[in-house]
Each structure stands twice: as C-alpha cells, then as structure tokens.
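For the protein sequence lines, the chains are P and F, in the order given. Here the first sequence stands for residues 2 to 95, where the numbers follow the numbering used here. Here the second sequence stands for residues 15 to 278, where the numbers follow the numbering used here. Quick reminder that beta carbons are idealized off the backbone N, C-alpha and C, glycines included. In this text, all values refer to a predicted model and were calculated from it rather than measured experimentally. See structure below.
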Amino acid sequence: MSSDWPLFEVFIRSRSGLEHKHVGSVHAADARMAIEHARDVYTRRQEGVSLWVVRSADIVASDPEEADALFEPARDKVYRHPTFYAIPEEVKNL
Amino acid sequence: MSAAGAAPQQPEASSRAAHFRYVLRLGDTSLVLGQRLGEWVGHAPALEEDLGLANLALDLIGQARLFLTYAGELEGRGRDEDALAFLRDAPEFTNLTLAEQPNGDFGHTVVRQWLIDCWQLEIYEALLASTDARLAAIAAKALKETRYHHRFSSGWLMRLGDGTDESHARVQRSLDSLWRFTSELFAPDDVDERMRAAGIAPALAEPSSRWSSRVDEDLAAATLVRPAAAPYPWHGRRGVHTEHLSHMLSEMQHLQRTYPGARW
Numbered sequence: 002m003s004s005d006w007p008l009f010e011v012f013i014r015s016r017s018g019l020e021h022k023h024v025g026s027v028h029a030a031d032a033r034m035a036i037e038h039a040r041d042v043y044t045r046r047q048e049g050v051s052l053w054v055v056r057s058a059d060i061v062a063s064d065p066e067e068a069d070a071l072f073e074p075a076r077d078k079v080y081r082h083p084t085f086y087a088i089p090e091e092v093k094n095l
Numbered sequence: 015m016s017a018a019g020a021a022p023q024q025p026e027a028s029s030r031a032a033h034f035r036y037v038l039r040l041g042d043t044s045l046v047l048g049q050r051l052g053e054w055v056g057h058a059p060a061l062e063e064d065l066g067l068a069n070l071a072l073d074l075i076g077q078a079r080l081f082l083t084y085a086g087e088l089e090g091r092g093r094d095e096d097a098l099a100f101l102r103d104a105p106e107f108t109n110l111t112l113a114e115q116p117n118g119d120f121g122h123t124v125v126r127q128w129l130i131d132c133w134q135l136e137i138y139e140a141l142l143a144s145t146d147a148r149l150a151a152i153a154a155k156a157l158k159e160t161r162y163h164h165r166f167s168s169g170w171l172m173r174l175g176d177g178t179d180e181s182h183a184r185v186q187r188s189l190d191s192l193w194r195f196t197s198e199l200f201a202p203d204d205v206d207e208r209m210r211a212a213g214i215a216p217a218l219a220e221p222s223s224r225w226s227s228r229v230d231e232d233l234a235a236a237t238l239v240r241p242a243a244a245p246y247p248w249h250g251r252r253g254v255h256t257e258h259l260s261h262m263l264s265e266m267q268h269l270q271r272t273y274p275g276a277r278w
C-alpha cells in the first residue's frame with residue numbers, strides 16, 4: 002500500500018531552533034496524511050514544534066555530475082571567509 | 015437519581031462508590047481501546063500507519079493509567095493501576111461495549127476509533143468544568159491527545175468513505191455494524207446522575223447533541239450514511255459485555271495472571 006503513495010520529505014523546527022531541518026521522509030497519499038505521518042514518525046520524542054513536508058518529486062536537485070563545476074571553484078577563494086580579515090582593535094563587536 | 019432497589023447506605027459512602035465507578039469507566043474505555051489498537055502493531059497497512067496506531071494506543075494507555083490510579087485511590091482498597099488493569103475479570107470491566115469490539119479490517123478500526131474519538135472529545139471537553147480538579151486536569155491532558163486522534167480517524171474516514179467503491183462499501187458496512195453500540199454512549203444511569211448532581215460530571219444532553227452534529231458533519235464529508243438509531247441499550251459500563259472482551263483480556267492479562275507481580 003505505502004509503495005503506491007508518493008514520498009514526502011520531512012523538515013522539523015526544534016523548540017530552540019530557528020530553521021526547519023531535513024530529518025527524513027515518509028510515504029503518504031496526500032499532504033494532510035504526510036503531516037500526520039511526519040508527526041507520528043519523527044516527533045515522538047519532542048523533536049520539534051513545527052513541521053514542513055514537501056513532495057520529494059517537487060525538489061529540484063543539483064546534478065552530482067556537475068559537482069566539480071559547481072563547487073570546486075570555491076575551494077581556492079578562502080578570502081571569502083570573514084575570518085580571513087584582521088579585525089581592527091577599535092571594533093569591539095562584529 | 016433513580017437507584018431503585020438499592021439499599022440506602024450512608025450517602026457519603028455510596029457517592030464515593032459512584033465516583034470510583036465513574037472514573038473507572040473512563041479508564042476502562044481508554045485501556046480496552048488502547049489494547050485493541052496495540053494489536054495492530056506489526057500488522058498495519060503501512061509502516062507509518064503502524065506507528066500512528068501505536069501512538070494512539072500509547073496515548074490511550076497513558077490516559078487509562080491516570081484514570082485507574084485515581085479510581086484506585088477513590089476506592090480505597092489498595093488497588094493500584096496494575097491491579098485494576100490486570101487482575102479483574104470481564105464482568106468487573108466497565109468500558110463502553112464499543113471499545114472492546116474486534117479490530118476487523120483497517121477501515122473497521124477507523125470507524126470504531128472515530129466514534130469513540132467523537133465521544134471522548136465531548137466528555138473530556140465537558141469535564142474541564144468538573145468540580146473534581148484532578149478529573150478536570152486528566153481531561154485537559156487527554157483532550158489534546160483526543161483532538162489529534164480525531165484528526166487521524168476523521169481523515170481516514172473521509173479518505174475511505176469518499177475513496178473507491180470498495181473502500182466506501184467496506185466502511186459503510188463497518189459503520190452499520192458498529193452503530194448499534196452507540197446507543198450506550200450518552201445513556202445516563204444512576205452513576206452519571208449522581209456525578210452530575212455533585213457537579214463532577216456533565217449532564218449528557220448537550221454533549222450528546224454536539225456528538226451527533228459532529229458525527230453528521232464527518233459522515234457528510236465522508237459521503238457515508240448515518241444508520242438508523244439502534245434501540246438495544248448495551249451495558250458494557252455496567253459490566254455486561256460482548257464475548258469479545260474476555261478473549262482480549264485473556265491475552266492482555268496472561269502474564270500477570272501466570273506470574274503474579276512479575277516485573278522487568
């Protein structure tokens with residue numbers, strides 16, 4: 002039965018968290034059921050206070066084949082990290 | 015208050031006995047329904063539903079623990095939640111007859127669940143105003159859980175009722191066969207009357223009509239037909255059960271009966 006149901010990705014915002022984090026997936030026939038399944042499967046131990054579900058098929062992912070082109074060029078640009086710069090003495094908080 | 019034929023005892027003692035029975039009934043319905051749902055573990059149609067039903071079962075058994083512990087204290091004979099759950103025979107159980115009915119198929123379990131969810135929603139809601147603060151506190155906790163149970167069961171009722179011809183026919187059949195047990199849900203007896211007079215329990219007329227409207231609303235959404243009212247009054251709450259309860263209890267109580275006091 003569940004193999005006929007589409008897959009939904011589940012995101013949870015924890016009590017102290019600001020953002021929803023991906024935690025896994027559930028099968029469900031519709032969005033309402035997906036929320037219920039996500040609640041029943043992933044929040045049994047007070048993991049969160051808010052749920053998002055999204056059809057897995059609706060997620061557009063980058064192609065692993067293109068990983069070199071997409072992500073390699075950033076490797077030698079360490080100066081993009083804020084830690085690369087010396088912070089002037091006068092600046093107390095940054 | 016028509017306790018016809020009952021020997022007039024000290025009013026204090028008999029009202030305490032009624033209080034005990036009232037709380038015991040709530041606990042027994044939660045316990046028996048929870049045990050029934052537990053029978054689904056490992057058998058539900060999908061992994062996610064397996065967990066979902068187990069969650070409902072655990073909520074209900076949690077409610078039963080609170081009610082039964084309290085009932086044991088009201089009774090004052092030293093029986094705790096375990097003694098009440100595992101060492102009573104079927105005629106001493108006071109759950110709704112509906113709760114003990116076998117699971118049947120998934121749709122049948124959904125219909126049974128939904129009917130009792132709608133009942134618990136009204137009873138727990140009304141108990142928030144009870145003069146018994148402890149009972150009101152248990153009801154407040156249970157009400158949150160029951161709102162989710164109703165979301166779950168009414169969702170499935172709609173999905174199956176308004177689903178395929180096959181699913182529609184099957185849940186309608188389950189509804190037709192389980193409906194007769196609903197005559198017991200809001201039929202007050204001397205225990206209810208006594209508790210109402212003490213402000214501990216609500217008058218049942220209003221919860222009953224609210225239950226009825228909610229049921230009609232959910233049935234309409236599920237394209238199901240409400241069966242005709244069933245005249246036969248069931249008496250599970252007074253300890254008169256269908257044959258199904260004994261079978262269920264023999265499994266549930268087996269370990270404690272065989273190894274009394276066993277712990278692990």
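Asked	Found
Backbone secondary structure at Leu-52/P - three-state DSSP	strand
Nearest residue (CA-CA) to Ser-222/F, options Tyr-138/F, Leu-98/F and Gly-48/F	Tyr-138/F
Cβ-Cβ distance between Thr-83/F and Asp-94/F below 8 Å	yes
Pair within 8 Å by beta-carbon distance, Leu-112/F and Thr-196/F	yes
Length of the line joining the Cα atoms of Ala-20/F and Thr-123/F	Low local confidence applies: a pLDDT of 48 at Ala-20/F is under 50, so the model's placement there is unreliable, with the coordinate-based value given in what follows. Rounded to whole angstroms, Ala-20/F to Thr-123/F spans 38 Å at the Cα level.
Collapsed DSSP secondary structure at Leu-8/P in the structure displayed	strand
According to DSSP, residues forming a beta bridge with Gly-25/P	Val-11/P
Three or more C-beta pairs below 8 Å linking the region 189 to 205 of chain F and the region 257 to 265 of chain F	no
Neighbour list for Gly-169/F in chain P, Cβ cutoff strictly below 8 Å	Arg-33, Met-34 and Glu-37
Distance cut-off 7 Å: Leu-233/F Cβ against heavy atoms of the ligand FAD	Of ligands this structure carries none, so the ligand FAD is not represented either.
First through last residue of the alpha helix (DSSP H) which encompasses Pro-221/F	219 to 235
Three-state class that DSSP yields for Asp-204/F in the structure shown	helix
For Ile-152/F and Leu-47/F, believed in contact at Cβ under 8 Å, the rounded distance	Incorrect: roughly 16 Å between the Cβ atoms, too far for contact.
Proximal residues, the region 94 to 106 of chain F versus chain P, C-beta separation under 7 Å	none
Alpha-carbon spacing of Ala-18/F relative to Met-209/F, whole angstroms	The predicted position of Ala-18/F is uncertain, since its pLDDT is 45 and thus under 50; a value taken from the coordinates is nonetheless stated next. Each residue's Cα considered, the two are about 17 Å apart.
Beta-carbon gap between Leu-218/F and Asp-206/F smaller than 8 Å	yes
DSSP-derived helix/strand/coil call for Thr-108/F	coil
Other residues of its chain near Gln-47/P: CB distance less than 8 Å, five sequence neighbours each side excluded	Arg-16
Meets three-Cβ-pair contact criterion under 8 Å: the region 7 to 23 of chain P and the region 52 to 60 of chain P	yes
Contact list for the region 168 to 191 of chain F against chain P, Cβ threshold 9 Å	Gly-169, Trp-170 and Arg-173
For Met-15/F, three-class secondary structure by DSSP	Residue placement at Met-15/F cannot be trusted, given a pLDDT of 41 that sits under 50; what the coordinates show is reported in the next sentence. Looking at Met-15/F - three-state DSSP - the assignment turns out to be coil, as it is neither helix nor strand.
Against chain P: residues of the region 41 to 67 of chain F by CB proximity under 7 Å	Pro-59, Ala-60, Leu-61, Glu-62, Leu-65 and Gly-66
Partner residues on chain P for Asn-69/F, Cβ-Cβ distance less than 8 Å	Asp-41 and Arg-45
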